[in-house]
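Presented below is the structure to which this report refers.
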Amino acid sequence: MNVPNALTIFRIILVPVFLYFAITDRLLAAVAVFAVAAMTDAADGFIARRFDLKTEFGRKADPFADKLLLVSAYLALSFKGLIPFWLMLPVVLRDVSFFVLFLYLKGTERTIKVRTSWPGKATTVLQVLSVLYALLIAGGDWFFLAIATLTLLFTIYTWVDYLVKESRLQRG
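Quick look at the structure:
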């Protein structure tokens, strides 16, 4: 077990802790746990690349941990009324569709070929900021609406872009 993989597992463990705090309205604790989890996402990839600690486990578990954290956060905060349904739905559908595609390709003994792009990384940053801001303000304001709208646009763009690119690569 190397450090990047330990950070990924730690992020997965933090998901139910975050959900507990978010659902029980301990929003500052939820912010702290979510922020730590988001930082482990940045740290595990950096450490794995910088110190050549990439593993097959990390390649599969890291995106799963990311999706688990974000989908859980968007579902819980939408349920609590802190994130609007119109933002939660595409975020969740995008990530679930990626997971279904991964499972489908695994069943055909193929793998996902598209790698993360800068719009994909920007989408993750915007999704994280939307969660943190929603928790901090516990309601909507014009700035949250701006972040949420930008998050929505990036989410939809990367969803379509990723599926189109993956489709082309799979066909050869």
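Numbering of the sequence shown is given in this note's numbering, commencing with residue 8 and proceeding in unit increments. We put the CB at the ideal spot given by N, CA and C, even for glycine. Predicted model, so just to flag it, every value in this text is computed and none were measured.
How is the alpha helix (DSSP H) around residue i delimited, first residue to last?
i: Thr47; result: 34 to 57
i: Asp69; result: 63 to 86
i: Ala145; result: Segment: none, Ala145 is in no alpha helix (DSSP H) and carries neither H nor E.
i: Asn9; result: Premise fails: Asn9 is in no alpha helix (DSSP H) and is neither H nor E.
i: Arg101; result: 92 to 114
For the ligand FMN, any of its heavy atoms closer than 7 Å to the Cβ of residue i?
i: Gly52; result: Questions concerning the ligand FMN fall outside what the structure shown contains, since it holds no ligand whatsoever.
Output needed for residue i: all residues of its chain with C-beta closer than 8 Å, excluding positions within five of it in sequence on either side, in chain order.
i: Ile154; result: Leu133, Leu136, Ser137, Tyr140
i: Gly52; result: Pro11, Asp69
i: Tyr81; result: Ile90, Leu94, Met95, Val98, Val99, Gln134, Val138
i: Val38; result: Leu139, Leu142, Leu143
i: Thr158; result: Leu94, Val98, Thr130, Leu133, Gln134, Leu136, Ser137
i: Thr62; result: Asn9, Pro11, Asn12, Ala55
i: Gly88; result: none
i: Phe151; result: Ser137, Tyr140, Ala141, Ile144
Using the rule of at least 16 other Cβ atoms within 10 Å of the residue's Cβ for burial, across every protein chain shown, is residue i buried or exposed?
i: Thr130; result: buried
i: Phe28; result: buried
i: Trp149; result: exposed
i: Phe25; result: buried
i: Ile144; result: exposed
i: Thr15; result: buried
i: Val171; result: exposed
i: Thr118; result: exposed
i: Asp73; result: buried
i: Ile54; result: buried
i: Thr123; result: exposed
i: Phe86; result: exposed
i: Thr115; result: exposed
i: Phe58; result: exposed
i: Ser167; result: It is worth fixing the name first, because residue 167 is Val in this sequence and not Ser. That one is exposed.
For residue i, which residues in the same chain have their Cβ closer than 7 Å to its Cβ, ignoring the five residues on either side in sequence?
i: Phe17; result: Thr47
i: Leu112; result: Thr118, Ile119
i: Thr165; result: Pro126, Gly127, Thr130
i: Ala42; result: Leu139
Could you pull out every residue in the same chain whose Cβ sits closer than 6 Å to the Cβ of residue i, ignoring the five residues on either side in sequence?
i: Val22; result: Leu75, Leu76, Ser79
Looking at C-beta atoms only, is the number of pairs between the region 37 to 52 and the region 100 to 119 that lie closer than 8 Å three or more?
-> no
Three CB pairs or more closer than 8 Å across the region 54 to 67 and the region 30 to 41 = no
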